[in-house]
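Numbered according to my numbering, the sequence shown spans residues 1 to 238.
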Amino acid sequence: MRLAICDDNQQHIELLNKFLTELQFEYNEDFEIYTFSSGEALCDSFKTNKYDLIFLDILMTGMDGIETARTLRLMKIKSLIIFVSSITDRMRELLGPQVVGFIDKPPKFEELKRNFQIARENLEEQKGGIFKFTIQNTQKFVYLTDIRYFEKERHQIKLATADETHCFTASLKSIWAEVSAYDVFIKPSRSFIVNLEYVQWNDKNCLKVDGIDIPIGRKFQEETLNKYQRFLAGKIRR
């Protein structure tokens, strides 16, 4: 999970960073934490980065937290936001659906943990679920909507998203048992599971994902094409 902290008070940044590091060990997951001392710097960072969740101070010099959140909306940024500040209930109503929590200053660990869990559940629902896996005894997860494909490579599985790849030990059969219930995933061959959102079709015998040509096995062809037709019908209904 990619997290951003934006606060013009370095002590508060360090405290939030400390709490999130503790939470990382509690969840046994790997967080990527980025810190910013101004709203301008946070907004500018989206040119090269993206974040699942932002901890955003409201009272900052320069661009304050409200203006920063408004700018992010105009930029079509969909990161969830937890504001870190004292704020009235009435103001909370005005801040929009991306704001999923509020933490009073100075931040306390239990309050951060409670808000973080709410944000995590929101993200999971928004992204259509998560896929969990383990690398070197650390549990990681990827949102299902971000997965481009799984590829079997000898005794390893390669999981590819737009931004990164992960290699871990598992069987493609067990992964298919987990994700086959989702309409967006197909298994066109013995070596691949593919997300239909990212597929380009060459013809009924071959498809392409991220520039990789994947022949559709004869055994898998009927189910693959049927699932693709259902996927297209679902998109038309939406």
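Idealized CB from N, CA, C, for every residue including glycine.
Remember, predicted model here, so these are calculated numbers, not experimental data.
Query                                                                                                    : Result
Stretch-stretch touch, CB-based, cutoff 8 Å, three pairs: the segment 33 to 44 with the segment 60 to 72 : yes
For ASN49, three-class secondary structure by DSSP                                                       : coil
Nearest-angstrom beta carbon gap, ASN195 and TYR149 [assumed within contact, 8 Å]                        : 6 Å
Burial state of ALA181, where buried means 16 or more other Cβ atoms lie within 10 Å                     : exposed
Complete runs of the beta strand (DSSP E) confined to the segment 58 to 86 [at least 3 residues]         : 80 to 84
CA nearest to the CA of GLU153, picked from ASP203, THR169, ASN226 and CYS43                             : THR169
Rounded C-alpha distance that separates GLN200 from PHE83                                                : 40 Å
Range covered by the alpha helix (DSSP H) that runs through THR169                                       : Premise fails: THR169 lies in the beta strand (DSSP E), 165 to 169, not in any alpha helix (DSSP H).
GLN11 to ILE157 span [Cα, whole Å]                                                                       : 42 Å
Segments assigned beta strand (DSSP E), at least 3 residues, entirely inside the segment 102 to 136      : 130 to 135
Residue closest to TYR34, alpha-carbon to alpha-carbon, out of PHE109, THR48, ALA69 and LYS132           : THR48
Whole-angstrom distance between MET1 and ARG90, CA atom to CA atom                                       : Annotation note: pLDDT 46 at ARG90 (below 50); position unreliable, coordinate value reported separately. Taking the straight line joining both Cα atoms gives about 30 Å.
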